[in-house]
Structures are given as C-alpha cells and as structure tokens.
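Here the structure comes first, spelled out in structure tokens, and everything after it is commentary.
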Amino acid sequence: MKRFIQGEDRSQSTLLPECLDDYIVGDNPVRVIEVFVNELDLGKLGFDGAKPQATGRPAYHPSTLLKIYIYGYLNRLQSSRRLERETQRNLELIWLTGHLTPDFKTIADFRKDSGAAIRRVCREFIVLCRNLRLFSEAIVAIDGSKFKAVNNRDKNFTDRKLQARMEQLEESIARYLAELDRADREPAAVSEGRVSRLKEKIASLKQQMQHLNQIGEQMQTATDHQVSLTDPDARSMATSGRGTGMVGYNVQTAVDTKHHLIVAHDVTNRQQLSPMSQQAGQTIGNERLTVLADRGYFNGEQIRECEQNGIATLVPKPLTSNNKAAGLFDRRDFVYIPENNEYRCPAGERAIWRCTSVENGMKLHKYWSSACAQCKLKARCTTGTNRRITRWEHEDILERMQERLDRTPEATKLRRQTVEHVFGTLKAWMGATHFLTKTLPRVSTEISLHVLAYNLKRTIQIFGVKPLIRAIMAA
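In this note's numbering, the protein residues as written are 7 to 481.
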C-alpha cells in the first residue's frame, strides 16, 4: 500500500503512552462544560448527593451526571441508553467524566430526580450571560410553539373525539347485530365460524364502549374536559392544517433580539404575555424592557399588567371585525376625544357615552349617536339602528401601545426573525418525536436542558471557547 497515508499498527506498544488530555484540543467545547459545571455550587442548587454519605456504596457525583447530560443535549444525544454507550466509546465524554461509565438507569434517574435542580442550572447560565453583559439592548421577543408529547392522538380524548368514537362503535355493533339476525333467519347463508367471530367482535366492542364510558367519567372531573392516557399532562392542540392537530405541550420562550439567547422559557398549555415578560425582565435585570409578541398574545389585562410593571409591549391587535371587508367604517375611523369622553364619527357627529357594562370581568363603556337615523353615511357605517362603539376602561393603554407600534413598523419582522428560528433549531435537535419524557415536571426539565445547550452553543459562537472559559472563571 505505497503512496497512501499509513495508520498505526494496533498491536504496537508505545514507550511513553499518550495522556488522555492530549486527545482533547484546547478549543473543544467540552472544556467549557467542564469549567461551567465545576464553578457551580451543586449543593446550593439542590442536587442530592453533592455531599457523600458516610456509609454505603459510593455514588456518582452529581457533577459527573450533569456533564453527561449537558454534553448529550449539546450533541443531540437525549436518550439515556445512547448516553451510556457514548461514555464507553466517545473520547470527549471519556475525558469529561474521567473514564466513568454509569449505566443508563443511573443516568435516567438523575434527570428524573433532579429536575428542579437542573432547571436552576439553566437559570444560572442565563444569569452568567447577564453578568457577561449580553443583554444590553433590553428587547425580547416572546412566542410559543407546540411540541409533541409521548402520547398518541388515539390515546387522547376530548368531548368531541369521545362522542365520535362512541358513535362509531355503536354503528359497528348495530351492523354486526344485523348480520347475526340475518344468520338466525337464514342459517345456511352464514357459516358457524362467521357467527362465532361476530359474537366475539360484539363482545370486544362492548368492552370498548365500557372503557370509553369510564374515560367519559374521568373527563367530567378534568378541568378542561380532556384526558390523555399515556401522558396525563399532555393536551390536544390544534394546528394550522385541517385534521393535523397534535397532542403535546406549548413551550413559551423569550429571546434576546441582539444575540438570540433564550432569556426565559416555560412549558404551559396557554399563552401568557405578562408572566413571561416579568420573568424575562427579572432575568435581564433592566428596568426598561421592551417586549415583542404576535397577535395571539393580545390580552388587555395582561398588557395593562405589563405596563404597571414598567414593561413596554408591542402586540398587534387582532382584526376581529369584518366591517372593513364589508365596506363599512372600521373602529379606527372613530376618533376618541378624552376631554369630552365621546367619539367623533366619520360624518362629524358626536357619539356620547350611554351606559357601562361588565363582560368577562372587564368594564366596558358604550357610545352611540342619536343622529345615525338621518345620517347620509349610515349605509357605509352600520346595518343596525345605531353604530355602537365599545371602549374598555383602560383603552388608553392599548392606544399608547398602538402608537408605539406605528412608530416601529419593523417590530413584526424583528420578532419573527428573532424567536421563530429558535423553535426551528430546538425541534431539529429534538428529532421527530420531540419530548422523550412524560408529565409536566419531567418535560420542563427536558426543555431546560435543551435551552441550556442552545444558550451554551450561542455563547461559544459569540466568545469562542478559550475566551468564554476565562470569562466563566472570572465571573
């Protein structure tokens, strides 16, 4: 084999064996993991076993298992069985753990039992990013995305799905009973084997009906009238395509617009503008926080709560009225005059305050004009007797937010390019199945590990390995 680069003879002994550290170059990311974990006070963060027991079999130090998980999620190795194999053959993990090889059960139990502490480690890294002055602009984009749970759609039941399934079973039972009646009338037309199989099917369907009735009873006691059999915390969520809903969790994130770091995250089944904004504000530590979100987050009470906490929100208002499409005047065509507490309509008439009502806990004021019946523009304004205008008692907060939106037309584009690619990256790392664990606490731990790995990779790209290591040790 001349003229080829030759490998070393596997049976050749070396006089001076190579050191394990020689296999890991100085700018390898695993060195960042080593320094970051070693700088943590694991006992203070809540890890069990940070202090060894006086008796019994020695255990693995929590830092060893934490390093394994951070390395795994940084390299798309989320499975405990795959991590067990990698500790036996992967030089980076061998270097990182000091050639320790815990079995998959030990690795899996660490993630299960140390969920709260792992989530604190994720927050510790975000605090480190703040200390490194990576959140200087104090602008974050908030959004949510649906992630698949370990729960098949057939194992999730809502009122509509349960009713449809029971109707389907009743139709099948009726069809089989009709065939049995035909066998009684014409014994020669249906074989004895077929009759036996029909009776077995009917008995099986009746058992399924009984099981569905039990699920229906569980559903009545559930807060949202929904039952998931595999992962009880997972919920059915609609997606944009018809018939393409999924059973999973809604993951909310707040992402820094400058470096695209995830400053706050949460796993929930509803959108929550104010809690995520306050969590992001506490993380960044800046009193003048600006939050960008899409129309799905528009909620008057939560926007008001954000303003009370000094957070400026930029959330477009959903277009719920069809007046513009029908050729009628839109709500924005009516100008509010605060000193008179009245509106001026497009015809120049006054729509004065008439009454106040409370709907969904919100105090709403009603305005209309007495001149609507004789107005020449009525055909373009309303099809009713009067054009009525509803105003929330804190509508001025929404108007100030709209003014901010008008001054920053690039807000929507900035939000989209900041937060949406983060979800694409996380889902690509997680694979087609997304979550591997069940129930909300464990899923929250899993997404925290993904967020920690994502932020770690971003900071390595910003600083480089060696400068980041120096910054972590100096922080």
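Virtual Cβ for every residue (Gly too), placed ideally from N, Cα, C.
Limits of the beta strand (DSSP E) - the one that residue i falls within
i, result
"Leu235", "Note, Leu235: premise wrong, no beta strand (DSSP E); not H, not E."
"Thr362", "Arg356 to Glu365"
"Glu348", "Glu348 to Arg350"
"Lys369", "Met368 to Trp374"
"Ile317", "Ile317 to Leu320"
"Arg397", "Ile395 to Trp398"
Limits of the unbroken alpha helix (DSSP H) element including residue i
i, result
"Thr424", "Ala417 to Met436"
"Ser17", "Element bounds for Ser17: n/a, residue is neither H nor E."
"Ile466", "Leu446 to Phe469"
"Ala123", "Gly121 to Asn137"
"Phe6", "Summary: the structure shown does not reach residue 6, with the chain confined to residues 7 through 481, and so no result is reported for it."
"Val341", "First-last for Val341: Val341 to Ile343, but that is the beta strand (DSSP E), not the alpha helix (DSSP H)."
"Arg410", "Glu401 to Arg413"
"Ala286", "Leu279 to Ile290"
"Leu48", "Leu48 to Leu51"
"Gly80", "Per the sequence shown, residue 80 should be read as Leu rather than Gly. Note, Leu80: alpha helix (DSSP H), Pro68 to Leu80."
"Val43", "Val36 to Asn44"
"Ala209", "Glu198 to Thr227"
"Leu443", "Before going on, a small fix: residue 443 reads as Thr here, not Leu. Note, Thr443: premise wrong, no alpha helix (DSSP H); not H, not E."
"Glu92", "Ser86 to Arg95"
Residue i, buried or exposed, once every other Cβ within 10 Å from all chains shown has been counted against 16
i, result
"Thr250", "exposed"
"Glu365", "exposed"
"Cys25", "exposed"
"His58", "Position check: residue 58 holds Pro in this sequence, whereas His was assumed. Pro58 is exposed by the Cβ-count criterion."
"Glu206", "exposed"
"Asn328", "exposed"
"Gly291", "exposed"
"Gly121", "buried"
"His427", "exposed"
"Gln258", "buried"
"Ser17", "exposed"
"Ser454", "buried"
"Tyr29", "exposed"
"Lys73", "buried"
"Leu183", "exposed"
"Gly62", "exposed"
"Glu452", "buried"
"Leu46", "buried"
"Thr263", "buried"
"Met252", "buried"
"Met368", "exposed"
"Arg393", "buried"
"Val6", "Beyond the ends of the chain as shown, which are 7 and 481, falls residue 6; an answer cannot be given."
"Glu92", "buried"
"Pro193", "exposed"
"Cys135", "buried"
"Phe131", "buried"
Expected contact under 8 Å - CB spacing of residue i and residue j to nearest Å
i, j, result
"Phe163", "Gln216", "The Cβ separation is near 15 Å, so there is no contact."
"Thr391", "Lys372", "No, Thr391 and Lys372 are not in contact; Cβ-Cβ is about 14 Å, not under 8 Å."
"Leu279", "Asn315", "Wrong, their Cβ atoms sit about 11 Å apart, outside the cutoff."
"Ala353", "Phe340", "About 10 Å; that fails the 8 Å criterion."
"Trp398", "Arg82", "About 47 Å separates the two Cβ atoms, so there is no contact after all."
"Ile475", "Val38", "6 Å"
"Gln285", "Ala260", "7 Å"
"Val41", "Ile478", "5 Å"
Beta bridge counterpart(s) of residue i as assigned by DSSP
i, result
"Trp101", "Paired residue(s): none; Trp101 is not in a bridge."
"Ala270", "Ala260"
"Gly254", "Lys154 and Arg241"
"Phe163", "Val233"
"Gln296", "Contrary to the premise, residue 296 reads as Thr rather than Gln in this sequence. In DSSP, Thr296 forms a bridge with Ile145 and Ala318."
Mind the definition here: the stretch 133–150 touches the stretch 52–66 only if three or more C-beta pairs lie below 8 Å; say whether that holds.
-> no
Touch check for the stretch 105–120 and the stretch 269–278: three-plus C-beta pairs under 8 Å?
-> no
Are the stretch 429–436 and the stretch 99–110 touching, with three or more C-beta to C-beta distances below 8 Å?
-> no
Would the stretch 132–142 and the stretch 466–481 be scored as touching if the rule is three or more Cβ pairs under 8 Å?
-> yes
The stretch 80–94 contacting the stretch 401–416, beta-carbon criterion three pairs below 8 Å | no
Inter-stretch contact (C-beta, 8 Å, three-pair minimum) for the stretch 294–311 and the stretch 320–335 | yes
Between the stretch 436–452 and the stretch 234–241, do three or more beta carbon pairs fall short of 8 Å?
-> yes
Can we say the stretch 381–388 touches the stretch 330–340, given the rule of at least three CB pairs closer than 8 Å?
-> yes
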